[in-house]
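One structure is given below, encoded as structure tokens.
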């Protein structure tokens with residue numbers, strides 16, 4: 006019988022959430038008359054939230070689904086990939102009636118991804134320090 010933890014690290018489970026978030030972003034940017042976001046969330050905050058999610062699932066996939074797989078290099082790559090997707094999304098909006106590309110949206114995308122990824126990388130680093138500290142091995 007296959008270890009369930011291994012199933013959660015298959016390409017489908019690692020990259021499926023990335024693809025889903027990209028599809029959701031693409032779908033939202035394809036709507037010509039996108040109404041105001043719920044709860045009075047600003048457009049830039051919406052971008053930040055959407056790309057924070059994208060950054061988080063990207064770093065998860067790049068780390069192989071393992072907290073100890075998160076490195077600063079993988080974190081940086083996740084932010085870069087999310088930002089490049091933001092650039093491509095703004096290019097896409099140039100062809101959607103009623104929509105137009107906005108450099109500040111790309112900035113919000115980058116900041117959102119960076120905040121989420123830095124938090125995750127910080128947690129991973131703290132977890133590694135706590136997990137491998139001398140105290141956790143019974144040494145004082």
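Numbering (the numbering used here), first residue to last: 6 to 145.
Note that the Cβ used here is the ideal one computed from N, Cα and C, for glycine as well.
Contact annotation: the stretch 41-56 does not touch the stretch 68-80, with fewer than three C-beta pairs closer than 8 Å. By the neighbour-count definition (other C-beta atoms within 10 Å, threshold 16), residue 88 is a buried residue. Taking residue 92 as the centre and dropping the five residues before and after it, the same chain places the C-beta of 111 closer than 6 Å to its C-beta, in chain order. Looking only at 17, 15, 25, 34, the smallest Cα-Cα distance to residue 94 is reached by 34.
For residue 59, the closest alpha carbon among the candidates 119, 128, 127 is that of 119. The DSSP-derived three-state label of residue 100 is coil. Spanning the alpha carbons of residue 102 and residue 40 requires a straight line of approximately 14 Å.
Sequence-distant partners of residue 129 (beyond 5 residues in either direction) whose C-beta falls short of 6 Å from its own C-beta, in its chain, are 72, 75.
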